Amino acid sequence: DAGITQSPRYKITETGRQVTLMCHQTWSHSYMFWYRQDLGHGLRLIYYSAAADITDKGEVPDGYVVSRSKTENFPLTLESATRSQTSVYFCASSDSFGSFKETQYFGPGTRLLVL
Amino acid sequence: DAKTTQPTSMDCAEGRAANLPCNHSTISGNEYVYWYRQIHSQGPQYIIHGLKNNETNEMASLIITEDRKSSTLILPHATLRDTAVYYCIVRVRDYGGSQGNLIFGKGTKLSVKP
């Protein structure tokens, strides 16, 4: 089905381990985003990408790495997970960025628990 | 810092109009007003956005005051499925880099009751 999907939907890991969260969209949108959502903070942007091989930092990038070798995929890696990275992670995509017509479409989220 | 102020929570009777206010008194001329909502355990969903004119789509209407310092999202006939957290977001138009991020505050939790 067309849309934006995230995997895994739930993940439990331990402090210090590397974790990769996957995001895949079927619309061929140029722009993709990663947000985290924590109680009391709303959603905060981690990284975004304007196209394949073009990425940029958002509000809270520390501790995260992204890549975008293909337009449809935008994985987020926690190189050495910490308890403070326990959160719900949302991926989003958009066909534009900065125009009046822009709309971001969000995935269902990945719930990550770091022990 | 959040550019918008919204009530923490609101109730609405099923079938009635839900009017969700948002204050954005420091909005500048090149900023849009966006509304998203988040139903429990799901990703945020776009609803509507506008610059200075009132807007309407199949989901909702957006009323922006003439001075643009506040706006109201109207769900004309609320259903139980409209129970969600509603986010009002002010956002720069024609931006580059991180200026155009969607900055989600705490939103308004709307509870539609039978």
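Residue numbers (the numbering used here), protein chains in the order written: chain A, 1 to 115; chain B, 116 to 229. C-beta: ideal position from N, C-alpha, C; glycine also. For clarity, every value in this text was computed on a predicted model and none was experimentally measured.
Q. Are at least three pairs of beta-carbons, each pair with one atom in the region 62-79 of chain A and one in the region 123-131 of chain B, less than 8 Å apart?
A. No, the region 62-79 of chain A is not in contact with the region 123-131 of chain B.
Q | Rounded straight-line distance, which links the Cα of Ala-193 (chain B) to that of Pro-229 (chain B) | A | Distance between Pro-229 (chain B) and Ala-193 (chain B), taken at the CA atoms: about 10 Å.
Q.
Using a Cβ-Cβ cutoff of less than 6 Å, which residues in the same chain neighbour Asp-95 (chain A) once the five nearest sequence positions on both sides are dropped?
A. Closer than 6 Å at the Cβ level, and outside the excluded window around Asp-95 (chain A), lie His-29.
Q.
If you reduce the DSSP assignment to three classes, tell me which class Asp-95 (chain A) lands in.
A. Residue state for Asp-95 (chain A) is assigned as coil, using DSSP reduced to three classes.
Q: Mind checking who Met-32 (chain A) pairs with in its DSSP beta bridge?
A: Paired residues: A:Ser-49 and A:Ser-93.
(Q) Looking at chain A, is there any beta carbon in it that lies within less than 7 Å of the beta carbon of Gly-144 (chain B)? (A) Closer than 7 Å: no.
**Q.** Member of A:Thr-26, A:His-41 and A:Phe-33 whose CA lies at the smallest distance from the CA of Gly-222 (chain B)
**A.** Comparing Cα-Cα distances from Gly-222 (chain B) to each of A:Thr-26, A:His-41 and A:Phe-33, the minimum goes to A:His-41.
Q: Please confirm if Thr-103 (chain A) has its CB atom under 7 Å from at least one CB of chain B.
A: Yes - at least one Cβ of chain B is within 7 Å of the one on Thr-103 (chain A).
(Q) Using 7 Å as the threshold, is the C-beta distance between Tyr-202 (chain B) and Thr-103 (chain A) below it? (A) Against a cut-off of 7 Å, the Cβ pair of Thr-103 (chain A) and Tyr-202 (chain B) comes out as no contact.
Q | Within-7 Å CB hit, Pro-122 (chain B) to chain A | A | The Cβ of Pro-122 (chain B) sits no closer than 7 Å to any Cβ of chain A.
**Q.** 7 Å Cβ cutoff, Phe-74 (chain A) in contact with chain B
**A.** By this cut-off, Phe-74 (chain A) is not an interface position.
**Q.** is_contact[Tyr-201 (chain B), chain A] using C-beta, thresh 7 Å
**A.** Chain A contact via Cβ: absent.
Q.
Which of the three DSSP states is assigned to Leu-166 (chain B) in this structure?
A. Note: Leu-166 (chain B) maps to coil in three-state DSSP.
Q.
Mapping the DSSP letters down to three states, classify Ser-186 (chain B) as helix, strand or coil.
A. The DSSP-derived three-state label of Ser-186 (chain B) is strand.
Q. Any chance the region 150-161 of chain B sits against the region 105-113 of chain A, with 3 or more Cβ pairs inside 8 Å?
A. Between the region 150-161 of chain B and the region 105-113 of chain A, the count of Cβ pairs shorter than 8 Å is three or higher; the stretches touch.
Q) Do Ala-81 (chain A) and Arg-17 (chain A) have their CB atoms nearer than 7 Å? A) It is a contact, given that the beta carbons lie within the stated cut-off.
Q: Taking all protein chains shown into account, decide if Tyr-10 (chain A) is buried (16 or more other Cβ within 10 angstroms of its Cβ) or exposed.
A: So Tyr-10 (chain A) ends up on the exposed side.
Q | As assigned by DSSP and simplified to three states, the class of Arg-152 (chain B) | A | In this structure, Arg-152 (chain B) counts as strand in the three-state DSSP scheme.
Q) Are Gly-220 (chain B) and Thr-141 (chain B) close, meaning C-beta to C-beta below 7 Å? A) Cβ atoms of Gly-220 (chain B) and Thr-141 (chain B): not closer than 7 Å.
Q: Indicate the three-state DSSP secondary structure (helix, strand or coil) for Gln-160 (chain B) in the structure shown.
A: Strand.
Q: Count the C-beta pairs between the region 127-138 of chain B and the region 181-200 of chain B that are closer than 8 Å, then say yes if the count reaches three, no if not.
A: With a cut-off of 8 Å, the region 181-200 of chain B and the region 127-138 of chain B count as touching, because enough Cβ pairs lie within range.
Q.
Quick check on Ser-84 (chain A): does DSSP put it in helix, strand or coil?
A. Residue state for Ser-84 (chain A) is assigned as helix, using DSSP reduced to three classes.
Q. Does any residue of chain B bring its CB to less than 7 Å from the CB of Gly-173 (chain A)?
A. Outside the shown range of chain A, which is 1 to 115, sits residue 173 (chain A), and nothing can be said about it.
Q. Asn-134 (chain B) lies in the beta strand (DSSP E); which residues open and close that run?
A. Residues 133-138.
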